[in-house]
Ligand SMILES: Cc1cc2nc3c(=O)[nH]c(=O)nc-3n(C[C@H](O)[C@H](O)[C@H](O)COP(=O)(O)OP(=O)(O)OC[C@H]3O[C@@H](n4cnc5c(N)ncnc54)[C@H](O)[C@@H]3O)c2cc1C
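Numbering (UniProt numbering), first residue to last: 1 to 610.
Written out as structure tokens, the structure is:
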């Protein structure tokens, strides 16, 4: 149940997800050796704190004093450890730079208010002193959402919401709960569980992510198929902006009073203001889970079956967690286990003509009778679409291990393996082709290898060498995918790519991202289903919502944030003024190159996020 998987709240180190673990599991290491053709080397430790190069803070004494006046002296820190922990999010280029001890930039101070009034006062100080504000929840962004960009302002602070973490109200009649926005996933679920409820929103990052962060990024939990993504769960939201407070929703279950402004705040990524409280729809905590796993002869066949479940099944037939791996992800998962059970499964499927299976996992949550009834109705539909039932074990094993996976990425990066994830979503009619096109684009970019000439080398951050220049052949790779958030009209698509790191792993990453983005846009799919826009996808937003759509959002920002201090460079990209400055060379500092780690090693499917 939600409560029993959210007991621990690891404190992320500044260079990764979790403190050093026990290394790679043997199964993962074996698959990597076999797949990537290399021996696993000794892990390279991240830089020590005193080796880290941090820029000098640029806040004036007057600005510091004013911030302390707004939030309290103890709430304003310029300690290196605090600045470092707020210097980046958690996507692979962030971690590569952090591990190397050469962060791109750091906030000039970290401010941790403990009241909404203090948040409003801080925004006033920042507007008056020309200070950019980066709202900081759990810092788990994988799209550059918390990058400490100044955007042409005199300084930048990270505004950490971590002390705003209270349950404000729980209404059992309305089945809603209101929280301060800085509460993290486990604390939120614990508070609800104490009263017999759950939110059911469990992104793989929930142990560190916050409710405000979920809202700001339009996040989707791993059980979103059953519970709904965060945009469907939020009934009310409050945001403090430099122009004042907006209190939205929460008056009635629905309203025809104009466009739903909550939806303008959900997904605003800190560019309009700071979300300080959120009201969510809650459910009775489930008392039972039921698991089911089915094998299909191909990913396309599995997707057709899931579509039938989503469109023709009855209410509740879709499991809360519904996850279909493609053939590659299924193979890499099975290959990590050489148990008798896995061998038996392969034989059993082989006898039914399924040699390259695509595995569907389902987790139903509810009461005992409910979950069994729902699972057997779903089973009938899946069988009628060619699904071969296996045991409950694969789904139960996935459920038990899913929140350990992010740590694995740290282990992989330590031993010189490039690993990261990316995602999109497509309608059912486009999904099979989109899946193939994006996977092939990623494989092609990895196989192309690094450019041998041109200015894009050595982590310039330009992404200009995206697989176009002549290059040496890339290393062997594994590219796996799954769908995991189902809708009546389509589903998300999620990819994990793994390869030996090149000498410039950030350039390697950018090459892959550029190729995948091009394929996603060419297929007419979305640039992001749940990771959000951040800096990573900001240049692609016009392709998704059109230039007029971007201008409309800019107009909203101009009203709520006239000085443009809120999270510069995220969501809407650089403002026009910053672009002009950039043309004159006064840009944000370019990313430092991460050192190459030529040693190959590490682990596949388990490192997959989301
Ligand atoms: C290992 C891993 C697994 C992940 N799995 C998933 C997944 O399953 N599903 C999913 O949706 N995402 C996933 N993510 C992405 C990320 O965790 C989500 O985007 C999450 O919602 C971010 O929450 P946060 O509190 O960490 O926000 P942060 O990373 O701190 O911030 C994200 C963005 O929101 C802004 N922001 C944060 N708080 C506020 C606030 N109170 N007011 C205004 N703006 C704010 C920030 O400025 C930034 O632009 C994963 C990330 C990692 C590293």
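Where a beta carbon is used, it is the ideal one built from N, C-alpha and C, also for glycine.
Quick caveat, the model's predicted, so the values are computed rather than measured.
Quick one: does the C-beta of residue 217 sit closer than 7 Å to a heavy atom of ligand 1? Taking non-hydrogen atoms of ligand 1 into account, the C-beta of residue 217 is found less than 7 Å away from one of them.
Looking at residue 501: is its Cβ nearer than 8 Å to the Cβ of residue 438? Taking 8 Å as the cut-off, the beta carbon of residue 501 is found no closer than this to the beta carbon of residue 438.
Just to confirm, are residue 212 and residue 182 a CB contact at a threshold of 8 Å? Cβ atoms of residue 212 and residue 182: closer than 8 Å.
Grab the span of the beta strand (DSSP E) containing residue 364 for me, first residue to last. Taken as a continuous stretch (DSSP letters only), the beta strand (DSSP E) holding residue 364 covers 358-366.
Let me make sure I understand the geometry here. Which of 146, 50, 43, 367 has the alpha-carbon closest to that of residue 102? The shortest C-alpha separation from residue 102 is found at 50.
Measure from the alpha carbon of residue 250 to the alpha carbon of each residue in 238, 258, 143, 563, then state which is nearest. When only C-alpha atoms are compared, the closest one is 238.
beta-carbon residue 15 near ligand 1 non-hydrogen atom, thresh 7 Å: The answer is no for residue 15.
Sorted by chain position, which residues of the same chain lie with C-beta nearer than 6 Å to residue 114's C-beta, five sequence neighbours on each side aside? 163.
Can the beta-carbon of residue 399 be found closer than 8 Å to that of residue 288? Judged by beta-carbon spacing, residue 288 lies beyond the 8 Å limit of residue 399, meaning their Cβ atoms are not closer than that value.
Alpha carbons only, please: which of 281, 327, 313, 415 is nearest the one belonging to residue 296? When C-alpha distances from residue 296 are compared across 281, 327, 313, 415, the shortest belongs to 327.
Which class does residue 460 belong to by DSSP, given the choice of helix, strand or coil? Model confidence at residue 460 stands at a pLDDT of 38, short of 50, so the residue's coordinates are unreliable and nothing is read from them.
Assess, as a yes-or-no matter, whether the stretch 214-233 is touched by the stretch 542-552 under the definition of 3 or more beta carbon pairs within less than 8 Å. Contact fails between the stretch 542-552 and the stretch 214-233, because fewer than three Cβ pairs, one in each stretch, are under 8 Å apart.
Strand pairing of residue 495, partner residues [DSSP]: As computed with DSSP, residue 495 is found in a beta bridge with 422, 481.
Going by the C-beta, is residue 531 closer than 7 Å to any heavy atom of ligand 1? Checking the 7 Å criterion, the Cβ of residue 531 is within range of a heavy atom belonging to ligand 1.
If I measure Cβ to Cβ from residue 224 and keep anything under 7 Å in the same chain, skipping five residues before and after, which residues do I get? The residues are 485.
Whole angstroms are fine: how far does the CA of residue 234 sit from the CA of residue 445? Rounded to the nearest angstrom, the two C-alpha atoms are 39 Å apart.
So does residue 168 have its beta carbon nearer than 7 Å to some heavy atom of ligand 1? At a cut-off of 7 Å, the beta-carbon of residue 168 does not count as near ligand 1: no heavy atom of the ligand is closer than that.
Under 7 Å: does the beta carbon of residue 136 sit that close to some heavy atom of ligand 1? It does: the Cβ of residue 136 is within 7 Å (strictly closer) of some heavy atom of ligand 1.
Ligand 1 heavy atoms versus the CB of residue 103: any closer than 7 Å? No, ligand 1 has no heavy atom inside 7 Å of this Cβ.
Of all the options 135, 410, 226, 389, which has the alpha carbon lying nearest to the alpha carbon of residue 91? In terms of CA proximity to residue 91, 410 leads the group 135, 410, 226, 389.
With H, G and I counted as helix, E and B as strand and the rest as coil, what does DSSP make of residue 214? Here residue 214 sits in helix by DSSP.
Pairwise C-alpha distance: residue 66 and residue 184: Using only the alpha carbons, I get a separation of about 29 Å.
Going by the DSSP bridge assignment, what does residue 224 pair with across the sheet? Assignment of beta-bridge partners to residue 224 by DSSP yields no partner.
Ignoring anything shorter than 4 residues or poking outside the stretch 238-272, list the alpha helix (DSSP H) runs there in chain order. Runs of the alpha helix (DSSP H) lying entirely within the stretch 238-272 and spanning at least 4 residues, in chain order: 262-265.
Using a 10 Å radius around the Cβ and a threshold of 16 neighbouring Cβ atoms, would you call residue 73 buried or exposed? Under the 10 Å beta carbon count, residue 73 is surrounded by fewer than 16 other beta carbons and is classified as exposed.
According to the neighbour-count rule (16 or more other Cβ atoms, all chains shown, within 10 Å of its Cβ), is residue 307 buried or exposed? With 16 or more other Cβ atoms within 10 Å, it is buried.
Would you kindly work out how many angstroms separate the C-alpha atoms of residue 119 and residue 205, rounded to a whole number? Each residue's Cα considered, the two are about 25 Å apart.
Report all residues from its chain with a CB closer than 7 Å to the CB of residue 168; omit the five preceding and five following residues, and keep chain order. Apart from the 5 residues on each side of it in sequence, residue 168 sits with its Cβ closer than 7 Å to the Cβ of 178, 179, 180, 277 in its chain, given in chain order.
Residue nearest to residue 134 in terms of C-alpha spacing, selected from 64, 150, 142: Comparing Cα positions, the closest option is 150.
Close beta carbons around residue 15, own chain, < 6 Å, minus the five adjacent residues each side: Contacts found: 46, 98, 99.
Can you tell me whether residue 595 is helix, strand or coil according to DSSP? Residue placement at residue 595 is flagged as unreliable, the pLDDT there being 31, under the threshold of 50; a coordinate-derived value is accordingly withheld.
Inter-residue spacing [alpha-carbon to alpha-carbon] between residue 240 and residue 246: Computed Cα separation, rounded: 7 Å.
Neighbourhood of residue 457 by C-beta distance below 8 Å, restricted to the same chain and skipping five residues each side: Note on residue 457: pLDDT 37, under 50, position unreliable in the model; no value is reported.
Same chain, Cβ closer than 8 Å to residue 209, neighbours up to 5 away in sequence not counted: For residue 209, where only same-chain residues beyond five positions count, the Cβ hits under 8 Å are 137, 138, 140, 184, 185, 203, 219.
Give me the Cα-Cα distance between residue 27 and residue 332, rounded to the nearest whole angstrom. If I take the Cα positions, the gap works out to 10 Å.
Helix, strand or coil: how does DSSP classify residue 584 here? Note that residue 584 scores a pLDDT of 36, beneath 50, so its modelled location is shaky; the value from the coordinates is reported in the next line. The answer is coil: DSSP assigns residue 584 none of H, G, I, E or B.
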